[in-house]
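Report on one structure; see the data block that follows.
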Amino acid sequence: GAVVSQHPSWVICKSGTSVKIECRSLDFQATTMFWYRQFPKQSLMLMATSNEGSKATYEQGVEKDKFLINHASLTLSTLTVTSAHPEDSSFYICSARSVEAFFGQGTRLTVV
Amino acid sequence: ELKVEQNPLFLSMQEGKNYTIYCNYSTTSDRLYWYRQDPGKSLESLFVLLSNGAVKQEGRLMASLDTKARLSTLHITAAVHDLSATYFCAVDIWGADGLTFGKGTHLIIQP
Numbered sequence: 511g512a513v514v515s516q517h518p519s520w521v522i523c524k525s526g527t528s529v530k531i532e533c534r535s536l537d538f539q540a541t542t543m544f545w546y547r548q549f550p551k552q553s554l555m556l557m558a559t560s561n562e563g564s565k566a567t568y569e570q571g572v573e574k575d576k577f578l579i580n581h582a583s584l585t586l587s588t589l590t591v592t593s594a595h596p597e598d599s600s601f602y603i604c605s606a607r608s609v610e611a612f613f614g615q616g617t618r619l620t621v622v
Numbered sequence: 019e020l021k022v023e024q025n026p027l028f029l030s031m032q033e034g035k036n037y038t039i040y041c042n043y044s045t046t047s048d049r050l051y052w053y054r055q056d057p058g059k060s061l062e063s064l065f066v067l068l069s070n071g072a073v074k075q076e077g078r079l080m081a082s083l084d085t086k087a088r089l090s091t092l093h094i095t096a097a098v099h100d101l102s103a104t105y106f107c108a109v110d111i112w113g114a115d116g117l118t119f120g121k122g123t124h125l126i127i128q129p
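Line by line, the protein sequences are chains A and B. The numbering of the first sequence is our numbering, which starts it at 511 and goes up by one. The numbering of the second sequence is our numbering, which starts it at 19 and goes up by one.
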């Protein structure tokens with residue numbers, strides 16, 4: 511099946527700093543990618559839809575100025591968590607669709 | 019608003035037993051997915067169900083879809099410890115953004 515690669519797999523950062531997470535579709539072109547967040551023992555919640563060449567679409571309650579999404583090419587989307595705080599600590603997972611949806615390996619973000 | 023209800027949310031069972039996880043959803047869907055998630059890991063795709071009456075099997079797991087009832091099931095046959103994980107169903111609607119996930123079923127299989 512298609513592969514979606516996400517980096518880094520884990521990151522620890524200091525409060526107030528920014529962190530960038532990359533999501534790549536390795537063997538197909540994705541005009542749309544999705545970013546999810548998962549808190550411990552909870553399900554995945556869609557944060558935003560990343561659209562190649564245009565602005566991302568954010569779900570209600572997700573701060574677009576805090577979670578910056580860039581989808582500059584058909585194979586790469588990035589999520590930057592700006593001015594991170596401990597409450598942003600979570601598991602972030604990206605997804606891309608070809609015929610079906612595929613998920614990256616996830617990024618465990620810990621803000622200290 | 020699409021709602022996906024999964025039950026049970028927690029299941030502890032013995033090896034060798036059979037059980038079924040249920041996934042109800044509130045509107046017409048184009049695809050229904052079942053995923054497995056191990057602690058600290060991302061999602062592993064198990065099944066993609068596309069049409070009414072679809073049934074897929076892989077090892078001890080079998081998934082089915084009834085689009086009229088808006089119900090999918092994941093059946094576990096003769097469970098083994100290695101199947102312990104959290105299982106999610108997710109619904110995909112054409113034109114919608116992303117998948118809508120159920121809350122997940124945390125499955126523990128005890129020897």
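From the three backbone atoms N, C-alpha and C, an ideal C-beta is built for every residue, glycine too.
Which residue comes first and which comes last in the beta strand (DSSP E) that contains residue i?
i	result
asparagine 580(A)	577-583
histidine 629(A)	A query on residue 629(A) cannot be resolved here, the shown segment of chain A reaching from 511 to 622 and no further.
valine 529(A)	529-535
serine 515(A)	514-517
valine 622(A)	Element bounds for valine 622(A): n/a, residue is neither H nor E.
leucine 29(B)	28-32
glutamine 24(B)	22-25
serine 600(A)	600-607
asparagine 42(B)	37-43
valine 521(A)	520-523
Compute the distance between the beta-carbons of residue i and residue j, then report whether it is under 8 Å.
i	j	result
lysine 524(A)	valine 591(A)	no
asparagine 36(B)	alanine 81(B)	no
serine 60(B)	phenylalanine 613(A)	yes
serine 605(A)	phenylalanine 544(A)	yes
threonine 38(B)	leucine 101(B)	no
glycine 120(B)	glutamate 23(B)	yes
asparagine 42(B)	leucine 89(B)	yes
serine 558(A)	isoleucine 579(A)	In the sequence as presented, serine is not what sits at residue 558(A); that position holds alanine. Yes, these two residues count as a Cβ contact at 8 Å.
glutamate 33(B)	isoleucine 127(B)	yes
tyrosine 602(A)	arginine 547(A)	yes
proline 129(B)	histidine 99(B)	yes
alanine 103(B)	glutamine 55(B)	yes
arginine 49(B)	leucine 64(B)	no
leucine 20(B)	threonine 85(B)	no
threonine 617(A)	proline 518(A)	yes
histidine 506(A)	serine 599(A)	Outside the modelled stretch of chain A, which goes from 511 to 622, sits residue 506(A), for which no answer is possible.
alanine 108(B)	tyrosine 40(B)	no
glutamine 615(A)	glutamine 552(A)	no
Of the choices the options, whose alpha-carbon is the least far from that of residue i?
i	options	result
isoleucine 111(B)	Leu125(B), Arg78(B), Tyr51(B)	Tyr51(B)
aspartate 537(A)	Thr617(A), Gln615(A), Thr585(A)	Thr585(A)
leucine 619(A)	Trp520(A), Tyr568(A), Val513(A)	Trp520(A)
tyrosine 105(B)	Gly122(B), Thr118(B), Ile94(B)	Gly122(B)
leucine 556(A)	Thr542(A), Tyr568(A), Gln539(A), His595(A)	Tyr568(A)
isoleucine 94(B)	Ala72(B), Leu125(B), Ser69(B)	Leu125(B)
serine 69(B)	Ser30(B), Pro26(B), Leu29(B), Ser47(B)	Ser47(B)
glutamate 562(A)	Gln539(A), Gly526(A), Ser515(A), Glu597(A)	Gln539(A)
What I want to know is whether the C-beta of residue i ends up closer than 7 Å to one or more non-hydrogen atoms of the ligand ATP.
i	result
arginine 607(A)	Absence of the ligand ATP from the depicted structure is noted, as is the absence of any ligand whatsoever, leaving it without description.
Please go through the region 47-128 of chain B and give each complete beta strand (DSSP E) segment of 3 or more residues, from N-terminal end onward. Fully enclosed beta strand (DSSP E) runs of 3 or longer: 49-55, 61-67, 73-76, 79-84, 89-94, 103-110, 123-128.
To be precise: take each residue of the region 554-571 of chain A, compare its Cβ to all Cβ atoms of chain B, and keep it if any distance is under 7 Å. Which residues remain? Residues passing the 7 Å Cβ filter: Leu554, Leu556, Thr559, Thr567.
At what residue ranges does the region 536-560 of chain A contain a whole run of the alpha helix (DSSP H), taking only runs of 4 or more? List check, alpha helix (DSSP H) in window: nothing returned.
For the region 50-62 of chain B, list every residue whose C-beta sits within 9 Å of some C-beta in chain A, in sequence order. Within the region 50-62 of chain B, the qualifying residues are Tyr51, Tyr53, Gln55, Gly58, Lys59, Ser60, Leu61, Glu62.
Members of the region 67-97 of chain B near chain A, C-beta cut-off 7 Å: So nothing in the stretch comes that close.
At a CB distance below 7 Å, what residues from the region 116-127 of chain B approach chain A? Give them in sequence order. Contact annotation: in the region 116-127 of chain B, residues whose CB is within less than 7 Å of a CB in chain A are Gly116, Leu117, Phe119, Gly120, Lys121, Gly122.
Contact residues within the region 596-620 of chain A, judged by C-beta distance below 9 Å to chain B: Answer set for the region 596-620 of chain A: Phe601, Ile603, Ser605, Arg607, Val609, Glu610, Ala611, Phe612, Phe613, Gly614, Gln615, Gly616, Arg618.
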